[in-house]
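Undergrad: Let me begin by handing over the structure; questions about it come next.
Protein chains: 2
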Amino acid sequence: MNYSFSERVSKLQPSAIREILKVTQDPTVISFAAGNPAPEAFPVDMVREITSDIFRDEPITALQYSITEGYTPLRKTIVELMGRRYGVNCVMDEVIITSGGQQTSELACKALVNEHDTVICEAPSFIGVINAFKSYNVNLVGVELEDDGMNIEELEKAITTNKNVKLIYVIPNFQNPKGICTSIEKRKAIYELAKKYGVMILEDNPYGDLRFDGENIPSIKSMDTEGLVIYAGSFSKILAPGIRVGFTVAPTPVISKMTVCKQVSDVHTTILSQMICNEFMKRVDFDAHLDKLAEIYRHKCGLMLSEMDKKVNPKIKYTRPQGGLFIWATLPEGVDMMDFCRKCAAEKVAVVPGSAFTVSDDVKTSSFRLNFSTPTDEQIIKGIDILGKISYTI
Amino acid sequence: MNYSFSERVSKLQPSAIREILKVTQDPTVISFAAGNPAPEAFPVDMVREITSDIFRDEPITALQYSITEGYTPLRKTIVELMGRRYGVNCVMDEVIITSGGQQTSELACKALVNEHDTVICEAPSFIGVINAFKSYNVNLVGVELEDDGMNIEELEKAITTNKNVKLIYVIPNFQNPKGICTSIEKRKAIYELAKKYGVMILEDNPYGDLRFDGENIPSIKSMDTEGLVIYAGSFSKILAPGIRVGFTVAPTPVISKMTVCKQVSDVHTTILSQMICNEFMKRVDFDAHLDKLAEIYRHKCGLMLSEMDKKVNPKIKYTRPQGGLFIWATLPEGVDMMDFCRKCAAEKVAVVPGSAFTVSDDVKTSSFRLNFSTPTDEQIIKGIDILGKISYTI
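Top to bottom, those sequences are chains A and B.
164 is the number that this note's numbering gives to position 164 of the first sequence; each next residue is one higher, with no gaps.
For this note's numbering, count along the second sequence from 1 and bump the result up by 394.
Right under this line is the structure:
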């Protein structure tokens, strides 16, 4: 049989970075290539206790089919959380539970964007969501991400010069891969442009609660008087990613269509996972829990940065994040970045080449991404020591 | 804001049956409208024990990110199960774990079918998968489902007269909604046509293990010498649906593309759920477990049929299923089926109008679907008594 695939998936080719990421399967390799939360951040004892209580008290609820919109008590918890913590007033009909944060982007694209319509994203941006957009065969347009968020002029130009612009995708907090935050001024500017041109914003916020330095910046959703913003939240980084629970907060008509799309995909999110999240939010002192996470990540990020300060050629520039999981390093102009990453891999240190995060393969980048949350302290020290010794050629 | 949605979701309109299904939210209504497995069939004690062991022995594996293809031990278990129980020889690279059985259909459609390409399904067929196909804006063509499977002549005509036929979707065991099985002869004939015309078959088998009468019939996948069949399995009916675990067995190139589609949607299936399924399969005496399920469903189906034999107007015909969850009842020619279902709902018995399972709204049907697995014995007796008293007009 000669298999022929749909046009949309033919555009999703395995990329050149695969060969580099393949080395991470070797247990002797130090991986700075992951995006995993620190395992020591998982509240294992509490989750164990909660799960045991669920199977004692409500086993049938945890095992039977449930509704697509999500477990009602968890949706209520999220309404309360959005108000209290993020200044977002919403009602339950504006909330659905998703199977991880990424599903919000996939469902939003499916519900709102026709093939060949335009989606605008930050450049660089998160590979998983870039591919979700590509899997619907959209016209994906990248707008340069500066140190304080998208270039606003370029954004307006992208909106006005492309056909059928339907979505602006942004990760305003500790962006993946750059680790930077969009400033309050730029958040307002992005919102004003969306309003002016009648375009929806997809605000992805998986890392917002992982701030260990600086001040929280209001979400774009909290400014949303017009019903323009689809907000994606996630329990992956504040609780655990393996249970796959995220949520969407969006205007009710959008939520309705996304619900239909979710129904035909996975019917509903694992109900046991949803019950675990809800009980966790009820039992935990959330602020204290986030303080504990901040301490873990502040330490790991600080350690990686101080080792880099000592060991890495000063011509290599890198961000000093205030939260999240990633450091973004940039080689001097003219250095062959892929060659550098390959040399790292050969020396058993894996980083992600910046080309993994570009909108198309012909965008050139001399940057690479480092993750500090997954490796141990020993691995950070040893890995940066190795990385510091990698020579590069111009 | 005036929201504009994608063409594909605009085709997914809420249907007229919603008003009838809405009554099932009223706890005083007896619902024969669900598709839920019997809650007494859930192995609650074993799942409780397994979960507790997982959190004692491997909490980080259960909580951390995992790979899209699925939990490796579970994929191995499925390879073994497919060989032993279903006569399907496959290797691990031909298996992915999905978030419930339905996800296989959604991913297969996304990976293989362009907008406006043709998908052929049984008429009537399962609403969830019909909508999954519609959500990719395909040309969906129904082929009459006779008592022993699709009308083969009509199937060949559908293949030869429609443009770009990419998939033939069948539920050969205890079909939803009709409850019938496709005969071995017709399974072979469907496979031969697929081979002749180079079309893939999507074989959906969520109910195959719920046989309580008659002999098992070999799966189409077990005849697949050419790599034409995508097989969808599910733990929803043999273990529990709330944990959302299904699986796909398909040729490796197809699995690869479906994996990319899954990755951009939910990254991976809840790893805790996958570990529960794998441990369950290791600990349970599977044949004895299925015997226990068969006993529960044989009893419930038998009770509903014997009550119907006593109470229901003999002009209403219905199937006598050998397994699965559903009885398919057909009103005499000319009776207004929707009116009959509305009257049932008014008397607080919910059934699903056959129009829920048609490929398009203009297909007429005088049938409705009854579920015997979810209601209690008392509800079956009382509900059928009420249903027997509903008058109908021609």
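Each residue gets a CB set at the ideal place from its N, CA and C atoms; glycine is no exception.
Which residues in chain A sit within 7 angstroms of residue 651/B, going by Cβ to Cβ distance?
TA: 5 and 9
Undergrad: With a cut-off of 9 angstroms, does the C-beta of residue 119/A fall near any C-beta of chain B?
TA: no
Undergrad: Hey, quick one: how far does the beta strand (DSSP E) through residue 505/B stretch, first residue to last?
TA: No beta strand (DSSP E) holds residue 505/B; the alpha helix (DSSP H) holding it covers 496 to 506.
Undergrad: Should residue 396/B be labelled buried (16 or more other beta-carbon atoms within 10 Å of its own) or exposed?
TA: exposed
Undergrad: Could you list which residues in chain B have their beta carbon closer than 8 angstroms to that of residue 71/A, in chain order?
TA: In chain order: nothing, as chain B lies at least about 10 angstroms away.
Undergrad: Rounded to the nearest angstrom, what separates residue 115/A and residue 351/A at their Cα positions?
TA: Going by the C-alpha atoms only, they are around 33 angstroms apart.
Undergrad: Would you list, in sequence order, the uninterrupted beta strand (DSSP E) runs of no fewer than 3 residues that lie entirely inside the segment 511 to 592 of chain B?
TA: Runs of the beta strand (DSSP E) inside the segment 511 to 592 of chain B: 512 to 517, 533 to 540 and 559 to 564.
Undergrad: Check the Cβ of residue 190/A against every Cβ in chain B and list those closer than 7 angstroms, keeping chain order.
TA: The contacting residues do not exist; residue 190/A stays about 16 angstroms from chain B at best.
Undergrad: At a Cβ threshold of 9 angstroms, is residue 458/B touching chain A?
TA: yes
Undergrad: Evaluate contact between the segment 446 to 457 of chain B and the segment 34 to 48 of chain A, counting only Cβ atoms and requiring at least three cross-stretch pairs below 8 angstroms.
TA: yes
Undergrad: Helix, strand or coil: how does DSSP classify residue 404/B here?
TA: helix
Undergrad: Mapping the DSSP letters down to three states, classify residue 611/B as helix, strand or coil.
TA: coil
Undergrad: Taking 9 angstroms as the threshold (beta carbon to beta carbon), is residue 307/A in contact with chain B?
TA: no
Undergrad: In terms of DSSP beta bridges, what is residue 639/B paired with?
TA: Looking at the DSSP assignment, residue 639/B forms no beta bridge with any residue, so it has no partner.
Undergrad: Spatial neighbours of residue 89/A within its chain, please: C-beta separation below 7 angstroms, excluding the five flanking residues on both sides.
TA: 83
Undergrad: For residue 288/A, which residues from the same chain have a beta carbon less than 7 angstroms from its beta carbon, with the 5 sequence-adjacent residues on both sides left out?
TA: none
Undergrad: Taking only beta-carbon positions, decide if residue 111/A is within less than 9 angstroms of chain B.
TA: yes
Undergrad: Taking one C-beta from the segment 100 to 118 of chain A and one from the segment 242 to 262 of chain A each time, how about it: are there three or more such pairs within less than 8 angstroms?
TA: yes
Undergrad: Determine the contact status of residue 504/B and residue 530/B, defining contact as a CB-CB distance below 9 angstroms.
TA: yes
Undergrad: Is the segment 655 to 672 of chain B touching the segment 439 to 456 of chain B in the sense that three or more CB pairs, one from each, lie closer than 8 angstroms?
TA: yes
Undergrad: Flag residue 645/B as yes when its Cβ comes closer than 8 angstroms to any non-hydrogen atom of the ligand PLP, and as no otherwise.
TA: As for the ligand PLP, it is missing from this structure, which has no ligand bound.
Undergrad: With distances taken from CA atoms, which of 11/A, 33/A and 43/A is nearest residue 235/A?
TA: 43/A
Undergrad: Interface residues of chain A around residue 496/B at Cβ under 8 angstroms?
TA: 264, 265, 266 and 267
Undergrad: Rounded to whole angstroms, what is the Cα-Cα separation between residue 147/A and residue 328/A?
TA: 11 angstroms
Undergrad: Which whole runs of the alpha helix (DSSP H) in the segment 410 to 490 of chain B are 4 residues long or more, in chain order?
TA: Inside the segment 410 to 490 of chain B, DSSP marks whole alpha helix (DSSP H) runs of 4 or more residues at positions 412 to 416, 438 to 451, 453 to 457 and 466 to 480, from first to last along the chain.
Undergrad: Give, in chain order, every unbroken run of the alpha helix (DSSP H) that is at least 4 residues long and sits entirely within the segment 235 to 304 of chain A.
TA: 252 to 266 and 271 to 283
Undergrad: For residue 191/A, I'd like the list of residues in its chain whose CB is within less than 8 angstroms of its CB, leaving aside the five on either flank, ordered along the chain.
TA: 201, 220, 223, 224, 228 and 229
Undergrad: Can you tell me whether residue 212/A is helix, strand or coil according to DSSP?
TA: coil
Undergrad: Hey, how far is the Cα of residue 107/A from the Cα of residue 593/B?
TA: 29 angstroms
Undergrad: Could one say the Cβ of residue 748/B lies closer than 9 angstroms to chain A's Cβ atoms, at least one of them?
TA: no
Undergrad: Is residue 654/B close to chain A, meaning its C-beta is less than 9 angstroms from at least one C-beta of that chain?
TA: yes
Undergrad: Select from 507/B, 428/B and 612/B the residue whose C-alpha is nearest the C-alpha of residue 6/A.
TA: Of the listed residues, the one whose Cα sits closest to residue 6/A is 507/B.
Undergrad: With DSSP as the reference, identify every bridge partner of residue 733/B, one or two as the case may be.
TA: None, per the DSSP bridge assignment.
Undergrad: Just tell me which of 23/A, 129/A, 165/A and 133/A has its CA closest to the CA of residue 205/A.
TA: 129/A
Undergrad: Assign residue 485/B to one of two classes, buried (16 or more other C-beta atoms within 10 Å of its C-beta) or exposed (fewer than that).
TA: exposed
Undergrad: Any beta-carbon of chain A closer than 9 angstroms to the one on residue 500/B?
TA: It does: the Cβ of residue 500/B has a partner Cβ on chain A nearer than 9 angstroms.
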